[in-house]
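Residue numbering for the sequence shown follows my numbering, starting at 47 and increasing by one per position.
Ideal placement from N, C-alpha and C gives every residue a C-beta, glycine not left out.
Quick caveat, the model's predicted, so the values are computed rather than measured.
So the structure is just underneath, and the comments pick up after that.
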Amino acid sequence: MTAALLDAVRRHAEAHADRSGIAWTPVPGLTAIRAAARTALDYAIARPLVCLVLQGTKQVTTGSRSFTFSAGDLLLITADVPTVSQITRASAGMPYVSLVMDLDAAAIASLVPEMAPQAAADHHGAVMIDPTDAEVADAALRLMRLIERPASVPVLQAPLVREFHYWLLAGRHGAAIRRLGLPDGHAQRVARAVALLRADYARRLPVERLAAAAGMSVSSFHRHFRAVTSLTPLQFQKQLRLIEARRMMLADGVNASEAAFRVGYESVQHFTRDYGRMFGLPPARDMAAMRDRLQSAA
């Protein structure tokens with residue numbers, strides 16, 4: 047089953063991947079990833095997702111915790127959290143291959159009432175790694191086979207995506223995933239504030255407004271936001287701004303000053319200092335290094 051899944055995902059990725067190795071699929075939220083070499087560090091604010099690694103090795107760091115996962119492992123992220131990731135083992139002959147599915151809160155919410163109660167598990171943070179269950183891999187394989195027959199996707203994708211989520215909920219981290227389907231749970235409340243931060247990251251957002259969006263007192267909001275994301279709201283917004291500024295400079299060709307002001311900084315010097323702390327190089331040198339890597343990979 048694992049070999050068949052690897053073959054199906056690799057075929058799709060080789061046929062459809064963009065320059066960054068990402069191959070979208072007709073199934074919303076389902077993405078194939080391929081890389082033929084070790085990659086640079088990638089900074090992002092991850093959304094809740096599962097990643098099935100089928101070949102190669104990747105490392106993900108969130109907060110002070112680092113995780114290394116390889117073929118046969120499943121990476122589970124149950125909250126919007128800042129991550130630094132890197133594909134550490136990949137080659138032209140044996141590329142890194144993985145399949146990513148965004149977790150669907152609506153699918154989870156519809157499944158939970160139909161499933162037997164599950165004992166609450168110990169809290170291990172928003173990122174977890176375990177071997178991929180056979181049932182999860184089987185559902186993923188059938189989704190990939192569905193994609194190879196496009197006419198069947200509109201009819202059959204919904205029940206297969208639902209089954210995929212069922213097996214995740216039935217697995218060892220089902221309790222953590224269930225929290226995403228609770229409309230008034232702490233995870234979903236914090237997610238409402240995160241959505242506001244994502245939408246208005248360039249504007250000053252008083253913590254009182256964020257707490258109101260989450261339906262919490264300011265003190266309770268601070269506590270739960272940090273427990274879920276590992277950051278304060280201000281730190282989270284700063285990382286969002288810096289990640290978006292980096293994307294603007296690389297993809298749109300804007301200079302550091304323009305990027306700084308677009309993402310909400312009032313001081314270019316302040317932006318440059320924060321940028322260097324997060325990415326390890328000042329903006330101009332980081333862009334030069336990024337472009338060199340892209341040209342080398344072309």
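Presumed contact (8 Å Cβ cut-off) between residue i and residue j, rounded CB distance
i, j, result
"residue 100", "residue 145", "7 Å"
"residue 72", "residue 199", "5 Å"
"residue 288", "residue 333", "Contact flag wrong, Cβ pair sits at about 13 Å."
"residue 163", "residue 120", "Not confirmed; about 23 Å, so no contact."
"residue 279", "residue 256", "6 Å"
"residue 248", "residue 308", "7 Å"
"residue 52", "residue 96", "Not confirmed; about 16 Å, so no contact."
Residue(s) in a DSSP beta bridge with residue i
i, result
"residue 108", "111"
"residue 336", "Bridge partners of residue 336: none, in fact."
"residue 127", "92"
"residue 25", "Residue 25 lies beyond the residue range present for the chain, which begins at 47 and ends at 344; the question has no answer from this structure."
"residue 116", "103"
Close beta carbons around residue i, own chain, < 6 Å, minus the five adjacent residues each side
i, result
"residue 76", "147"
"residue 92", "123, 127 and 129"
"residue 311", "317"
"residue 304", "none"
Pick from the options that is closest to residue i, judged by C-alpha positions
i, options, result
"residue 328", "314, 83 and 338", "314"
"residue 265", "280, 208, 275 and 253", "253"
"residue 81", "283, 215, 60 and 244", "60"
"residue 158", "244, 208, 275 and 134", "208"
"residue 54", "185, 171 and 311", "185"
"residue 299", "330, 133, 112 and 221", "330"
"residue 240", "270, 212 and 195", "270"
"residue 88", "290, 139 and 277", "290"
"residue 211", "231, 161 and 171", "161"
Cβ-based burial, residue i [other Cβ within 10 Å; buried from 16]
i, result
"residue 338", "exposed"
"residue 190", "buried"
"residue 225", "buried"
"residue 126", "buried"
"residue 319", "exposed"
Proximal residues to residue i (C-beta, below 7 Å), its chain only, five neighbours per side dropped
i, result
"residue 227", "151, 154, 155 and 158"
"residue 203", "73 and 192"
"residue 50", "187"
"residue 335", "327"
Check: residue i C-beta below 7 Å from any heavy atom of the ligand HEM
i, result
"residue 266", "As presented, the structure is devoid of all ligands, the ligand HEM included, so that no description of it is given."
Beta-carbon proximity list for residue i, same chain, < 8 Å, skipping 5 on both sides
i, result
"residue 243", "251, 256, 279, 282, 283 and 286"
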